[in-house]
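**Student:** Note that our numbering has the sequence shown beginning at 5, numbered continuously upward. Backbone N, C-alpha and C define an ideal beta-carbon position, used for all residues, glycine too. No experiment lies behind these values; they were computed from the predicted model shown.
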Amino acid sequence: MKIINIVAIVLAVVYSSAIDTYAKVKKLKPNLIVIMADDLGYADVGFNGCKDIPTPNIDRIASEGVKFTNGYTSYSVCSPSRAGFLTGRYQQRFGFERNPQYRPDDPDMGLTTDEMTIAESLAQVGYQSTVIGKWHMGAHKATHHPLNRGFAEFFGHLGGGHRYFPEELTIKDSYAISGEHDSYRTWIMRNHTPVKTSKYLTDEFSDEAVSFIKRHANEPFFLFLSYNAPHGPLQATDEYLQRFPDIKDTKRKTYAAMVSALDDGVGRVLETLEELAIDDNTIIFFLSDNGGPETKNASDNGPLREGKSSHYEGGYRVPFAMRWKSQVDATVYDFPISSLDIFATISALAKSPINKDKPLDGVNLIPYVTGNSNKAPHQNIYLRKFDQQRYCVRDGDYKLVMHNNGKTKELYNLSEDIGEQNNLADQMPEKVKELELILNEWTSELIDPTFLGLIHSEAWKKQGRKAK
């Protein structure tokens with residue numbers, strides 16, 4: 005009997021040791037958190053100089069990590085930008101170049117299944133992934149739902165925006181509607197089940213983010229905290245509005261309150277990581293999905309020209325920061341980087357697979373931000389807006405902008421002219437030709453959009469709204 009007991013104890017110790025070893029091996033893979041704001045202005049965070057909206061928690065990511073001064077998304081409106089981030093590839097390569105219409109009956113109105121998402125890649129090496137908040141990759145249940153695209157959990161809404169107060173969410177079934185307006189009023193979905201929420205929506209999403217981290221702290225995870233704030237409609241609680249008594253403009257005040265609520269959520273995420281002692285092994289990215297639409301939501305893009313939907317810098321150069329406390333020292337990084345780099349970075353670190361016949365357009369940023377490589381991660385940053393026939397390419401410090409069916413060509417030196425005010429095209433015709441060749445080579449690899457967008461819907465046309 006004693007021998008049996010000794011054997012049992014030894015086996016228990018060995019088993020326990022094996023479990024601990026397995027857990028440690030699993031945790032060698034860094035966790036990934038991507039916090040994406042919606043329509044946030046370039047100059048509306050403290051680390052980019054904002055004075056009237058305190059963002060201490062967002063600023064911590066930049067001050068304790070890397071502040072990117074030239075951080076770009078892959079498009080200047082919401083859904084294509086997010087498709088680029090999720091796939092690590094310029095979305096024009098697979099025809100995703102418009103905000104999709106809300107069509108639960110259309111399996112082609114959204115992100116094609118031919119492309120691998122970051123969650124599908126990470127799932128193959130043991131990551132648990134979730135989307136919390138805005139999805140906007142299509143509303144077809146069997147094709148586009150996050151649970152069919154590599155994510156193990158979903159808590160959010162399928163469309164491009166949402167109302168914030170629980171009493172205004174009056175439509176239970178997200179699949180029973182087929183229009184952008186009604187999609188803003190649906191109940192929030194937990195996986196496939198509609199749930200009745202009771203809090204201001206930004207707070208609901210922050211609660212869920214904390215819950216997800218606590219539930220998966222002992223395994224590698226990917227949290228895509230996809231806030232719909234501060235996208236319209238402009239709505240905020242009295243608690244957040246009262247923080248800004250000195251802002252007299254009503255629209256700016258509400259916008260500030262919405263950003264402040266988001267910043268509180270970021271703070272809760274950071275606190276949770278610290279409490280669980282996993283902050284050293286968690287990579288956090290913070291960015292906006294595109295530039296701020298200044299006239300619509302009172303955002304501020306600072307020195308950048310224009311805003312959301314534009315092919316100028318204000319359209320897709322965004323507040324961008326990352327933190328990996330145990331591996332990357334605090335620094336400011338000035339070379340251009342892209343939201344496409346997030347997939348490439350985590351895939352390289354986690355050794356997760358990618359489609360070899362569809363290579364990523366992003367790169368692993370870690371060698372660059374740690375100083376192991378002094379080269380620029382990207383020689384070129386591109387943008388094409390098919391419906392407006394607008395194109396641009398950044399090559400080093402120079403940027404070529406083309407519109408009016410290619411008849412109008414503008415050249416800017418962004419290192420000297422961040423606001424794109426001094427057109428050098430007439431002074432530097434050879435540089436224009438050089439960049440045009442680079443741009444044409446890239447566009448030759450793209451395809452036309454594969455679905456009609458929100459701008460083509462009857463509801464959009466009836467409102468008299470134009471494509472931008």
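Going along the chain, which residues of its own chain have a beta-carbon closer than 6 Å to the beta-carbon of T147, five neighbours each way excluded?
**Tutor:** For the purposes of this step, residue 147 is taken as the residue at position 143 of the sequence shown. Within the same chain, T147 has close Cβ partners P111.
**Student:** Using only alpha-carbon positions, find the residue among R272, D293, P170, S356 that is nearest to K138.
**Tutor:** Looking up residue 138 in the sequence shown gives position 134. Taking only the C-alpha atoms, the option nearest K138 is D293.
**Student:** Do you know how far the Cα of Q132 is from the Cα of L3?
**Tutor:** Shown here, the chain extends from 5 to 472; a query on residue 3 therefore has no answer.
**Student:** Out of curiosity, what's the CA-to-CA distance linking I282 and L456?
**Tutor:** Locating residue 282 in the sequence shown gives position 278, counting from the first residue. Locating residue 456 in the sequence shown gives position 452, counting from the first residue. Using only the alpha carbons, I get a separation of about 43 Å.
**Student:** How many whole angstroms separate the CB atoms of A213 and A233, which I take to be in contact at a CB cut-off of 8 Å?
**Tutor:** Taking the sequence shown and counting its residues from 1, one reaches residue 213 at position 209. Taking the sequence shown and counting its residues from 1, one reaches residue 233 at position 229. Rounded, the Cβ-Cβ distance is 13 Å, inconsistent with contact.
**Student:** Can you give me the Cβ contacts of G236 inside the same chain, cut-off strictly under 8 Å, excluding the 5 residues immediately before and after it?
**Tutor:** Reading the sequence shown from its first residue, position 232 is the one you call residue 236. Around G236: D43, G165, K300, N301.
**Student:** Give every residue of the same chain whose Cβ lies closer than 6 Å to the Cβ of Y372, excluding the five residues on either side of it in the sequence, and list them in chain order.
**Tutor:** Within the sequence shown, numbered from 1, the residue matching residue 372 stands at position 368. Around Y372: P381.
**Student:** Using CA coordinates, which residue listed in F89, N103, G75 is at the minimum distance from V81?
**Tutor:** Along the sequence shown, one-based indexing puts residue 81 at 77. Measuring from the Cα of V81, the nearest candidate turns out to be N103.
**Student:** So, for D365: in the same chain, excluding its five sequence neighbours on each side, which residues have a beta-carbon less than 6 Å away from its beta-carbon?
**Tutor:** Here residue 365 refers to the residue found at position 361 of the sequence shown. Correct list, in chain order: R93, Y94, L344.
**Student:** Give me the DSSP bridge partner(s) of C396.
**Tutor:** For the purposes of this step, residue 396 is taken as the residue at position 392 of the sequence shown. Bridge partners of C396: L387, V405.
**Student:** Could you spell out the range, first to last residue, of the alpha helix (DSSP H) harbouring P84?
**Tutor:** Within the sequence shown, numbered from 1, the residue matching residue 84 stands at position 80. First-last of the alpha helix (DSSP H) with P84: 82-91.
**Student:** Can you give me the start and stop residues for the beta strand (DSSP E) that E414 sits inside?
**Tutor:** What you label residue 414 is simply residue 410 of the sequence shown in a count that begins at 1. Start and end: 412-417.
**Student:** I need the straight-line Cα distance from G489 to T134, nearest angstrom please.
**Tutor:** This structure cannot speak to residue 489, because the chain is shown only from 5 to 472.
**Student:** Out of curiosity, what's the CA-to-CA distance linking E298 and G45?
**Tutor:** Translated into positions along the sequence shown, residue 298 becomes position 294. Translated into positions along the sequence shown, residue 45 becomes position 41. E298 and G45: Cα-Cα distance of roughly 7 Å.
**Student:** Out of S182, K218, V270, point me to the one whose CA is closest to T206's CA.
**Tutor:** Taking the first residue of the sequence shown as 1, we reach residue 206 at position 202. It is V270.
**Student:** Mapping DSSP to helix, strand and coil, what is A27?
**Tutor:** Position 23 of the sequence shown, counted from the start, is the residue given in the question as residue 27. Annotation note: pLDDT 43 at A27 (below 50); position unreliable, coordinate value reported separately. Helix at A27.
**Student:** What's the gap between the Cα of A348 and the Cα of S356?
**Tutor:** Within the sequence shown, residue 348 is the residue found at index 344, counting from 1. Within the sequence shown, residue 356 is the residue found at index 352, counting from 1. The alpha-carbon atoms of A348 and S356 are separated by roughly 10 Å.
**Student:** Excluding sequence positions up to five away, which residues of its chain have a Cβ less than 8 Å from the Cβ of L238?
**Tutor:** Position 234 of the sequence shown, counted from the first residue, corresponds to residue 238. K255, T258, Y259, M262, N301, A302.
**Student:** Check whether chain D comes within 9 Å of E279, counting only Cβ atoms and requiring the distance to be less than that.
**Tutor:** Of the protein chains in this structure there is only one, and it is not chain D.
**Student:** Mapping DSSP to helix, strand and coil, what is T197?
**Tutor:** As a working mapping, residue 197 is identified with position 193 in the sequence shown. It is a strand residue.
**Student:** For N427, collect the residues of the same chain with a Cβ closer than 8 Å to its Cβ; drop the 5 residues on either side in sequence, then sort them by chain order.
**Tutor:** On the sequence shown, residue 427 is found 423 positions in, with the first residue counted as 1. The residues are E414, L415, Y416.
**Student:** Is S133 helix, strand or coil when you go by DSSP?
**Tutor:** As a first step, residue 133 is located in the sequence shown; it is residue number 129 there, counting from the start. Strand at S133.
**Student:** With respect to the beta strand (DSSP E) encompassing H220, which residues constitute its N-terminal and C-terminal limits?
**Tutor:** Position 216 of the sequence shown, counting from 1, holds the residue named residue 220. Neither: H220 is in no beta strand (DSSP E) and is coded neither H nor E.
**Student:** If you measure between the beta carbons of E101 and K312, is that distance less than 9 Å?
**Tutor:** The count along the sequence shown starts at 1 and reaches residue 101 at position 97. The count along the sequence shown starts at 1 and reaches residue 312 at position 308. Taking 9 Å as the Cβ cut-off, E101 and K312 do not qualify as a contacting pair.
**Student:** What's the call for E278, buried or exposed, on a 16-neighbour Cβ count within 10 Å?
**Tutor:** For the purposes of this step, residue 278 is identified with residue 274 of the sequence shown, where counting begins at 1. Exposed is the call here.
**Student:** Starting from K342, follow its DSSP beta bridges and name the residues at the other end.
**Tutor:** Sequence index remark: in the sequence shown, residue 342 carries index 338 (1-based). Here residue 342 turns out to be Ser, not Lys, going by the sequence shown. Answer by DSSP bridge pairing, in chain order: Y76.
**Student:** Would you list the residues sitting across from R97 in a DSSP beta bridge?
**Tutor:** If you number the sequence shown from 1, residue 97 lands on position 93. DSSP output for R97 lists no bridge partner at all.
**Student:** Might you give, ordered along the chain, the residues of its own chain that have their beta carbon closer than 6 Å to the beta carbon of E157, omitting 5 neighbours on each side?
**Tutor:** Locating residue 157 in the sequence shown gives position 153, where the first residue counts as 1. T134.
**Student:** Check whether the region 167-185 and the region 214-223 are in contact - that is, three or more C-beta pairs closer than 8 Å.
**Tutor:** No: the two stretches stay apart, fewer than three of their Cβ pairs being nearer than 8 Å.
**Student:** If you draw a straight line from the alpha carbon of L369 to that of I175, how long is it in whole angstroms?
**Tutor:** For this step, residue 369 is matched to residue 365 along the sequence shown. For this step, residue 175 is matched to residue 171 along the sequence shown. Going by the C-alpha atoms only, they are around 42 Å apart.
**Student:** On a Cα-Cα basis, can you pick out the residue from Q392, D401, K71, E438 that is closest to D452?
**Tutor:** Residue 452 sits at position 448 when you count from the first residue of the sequence shown. Residue Q392 is the option with its Cα nearest to D452.
**Student:** If we ignore side chains and look at the alpha-carbon of each, how far apart do S67 and T335 end up?
**Tutor:** The count along the sequence shown starts at 1 and reaches residue 67 at position 63. The count along the sequence shown starts at 1 and reaches residue 335 at position 331. One C-alpha to the other measures close to 8 Å.
**Student:** Assuming S230 and G160 form a contact by the criterion Cβ under 8 Å, report the distance between their Cβ atoms to the nearest whole angstrom.
**Tutor:** Working through the sequence shown from its first residue, we reach residue 230 at position 226. Working through the sequence shown from its first residue, we reach residue 160 at position 156. Indeed they touch by this definition, with Cβ atoms about 7 Å apart.
**Student:** Mapping the DSSP letters down to three states, classify Y316 as helix, strand or coil.
**Tutor:** Position 312 of the sequence shown, counting from 1, holds the residue named residue 316. Correct three-state label for Y316: coil.
**Student:** Starting from M40 and walking both ways along the beta strand (DSSP E), at which residues does that stretch end?
**Tutor:** On the sequence shown, position 36 is the one that residue 40 refers to. Element bounds for M40: 35-41.
**Student:** In this structure, does DSSP put F455 in helix, strand or coil?
**Tutor:** The sequence position of residue 455 within the sequence shown is 451, counting from 1. F455 falls in the coil class under three-state DSSP.
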